[in-house]
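Read the structure below first, then the notes.
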Amino acid sequence: RGSGHNEKALYSERADDFENNMERLNRKFETARSFVPRPELTKGNNAKIGIIGYGTSHWGITESRDQLRDEYQMETDYLRLRA
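For what it's worth, our numbering labels the leading residue of the sequence shown as 1, then goes sequentially.
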């Protein structure tokens, strides 16, 4: 849409204000990237199923992966997002 705010927090529809804001947000995300932990990928044996989880779901997913493997011979890959 091209609307937003300028450096003084005033409403603006100017293209250069929008571009400056997008550049500021990009710098913010690039800086944050160096501070947050990387995701963990756990590969199963020739898995055809993948699970993505985060937060406290980790322990339930770990238990479920074990159960799927032990009871159903179903291997899974697991991507744990940590930030």
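For each residue, glycine too, the CB sits at the ideal point set by N, CA and C.
Item: Tell me the rounded alpha-carbon separation between T62 and R14.; Value: 50 angstroms
Item: DSSP state of R27, grouped into three classes?; Value: helix
Item: Distance check for I49 and L96, CA to CA, integer angstroms please.; Value: Given a span of 1 to 83 for the chain in the structure shown, any question on residue 96 remains unanswerable.
Item: Is there contact here, the region 34-53 with the region 12-26, by at least three beta-carbon pairs under 8 angstroms?; Value: no
Item: Are E75 and N46 close, meaning C-beta to C-beta below 8 angstroms?; Value: yes
Item: Going by DSSP, name the residue or residues bridged to S34.; Value: According to DSSP, S34 bridges with nothing at all.
Item: What distance in whole Å lies between the Cβ atoms of N21 and H5, which are believed to be in contact at a cut-off of 8 angstroms?; Value: 7 angstroms
Item: Alpha carbons only, please: which of Q73, E7, R80 is nearest the one belonging to T56?; Value: R80
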